[in-house]
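Heads up: the sequence shown runs through residues 912 to 1066, numbered per this note's numbering.
Just so it is clear, CB atoms sit at the ideal spot from N, CA and C, and this is done for glycine as well.
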Amino acid sequence: MFPRLVLLLVLSAVSTLGAELTIVRTFTGWRDAASFKRISEYFDGKENPGKETVLRTHPEQRTGYYFLVRLANPGTAQQVQFQLQLFAQGASAPRTIVFPAELKSGSGVFQLGLTGPEWQDAKSQPVAWHLQVLADDGRVLASEKSYLWEKPAGQ
């Protein structure tokens, strides 16, 4: 019985080694502070993100431009960094914003918010963006980009 248990544990560990983190989808858009308020906040005054992880450039300010990122992590929990590069309208170079986060095993939703002075215009959108999920050692675990981030091959 014991050898079978050991074999099962080894096989399950090996199966997660090849498993890759994937970005299932990314939605972008402006959100007002009121869109984050839930009923429980009226009672205790504390923000309740539910099952989502909300990360903001200025945590005390909720209004801003957000990247909603749904991830699938078949591996183990780990510390990661979301590295977001974007071109704002009229900018000649991309801006880079980093959000440290704890990534749990399974699926998860992250709200990455450019708030406060980082993004003040509700009608403005990034021209192009590139999102990478980085491991502690700098390896790229997953990546997603907007259509305009790079020229198509052969152009």
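Query	Result
Along the beta strand (DSSP E) that carries residue 976, what are the first and last residues, could you check?	975-984
Round the Cβ separation of residue 932 and residue 979 to the nearest angstrom and send it over; I've been treating them as touching at under 8 angstroms.	That belief does not hold up - the Cβ atoms of residue 932 and residue 979 are roughly 17 angstroms apart, past 8 angstroms.
Can you tell me the Cβ-Cβ gap for residue 1024 and residue 965, rounded? I've got them flagged as a contact below 8 angstroms.	7 angstroms
Comparing C-alpha positions only, which one of 986, 941 and 1047 sits nearest to residue 1027?	941
Under a three-way DSSP split, which group does residue 1012 fall into?	strand
Report yes if the C-beta distance between residue 1044 and residue 1053 is below 7 angstroms; otherwise report no.	yes
Relative to the alpha-carbon of residue 1037, which residue among 947, 975, 985 and 1062 has its alpha-carbon at the smallest distance?	975
What alpha helix (DSSP H) runs, 4 residues minimum, are completely inside the segment 985-1049?	none
Just checking my contact of residue 1042 with residue 1029 at CB under 8 angstroms: how many whole Å lie between their CB atoms?	Wrong, their Cβ atoms sit about 15 angstroms apart, outside the cutoff.
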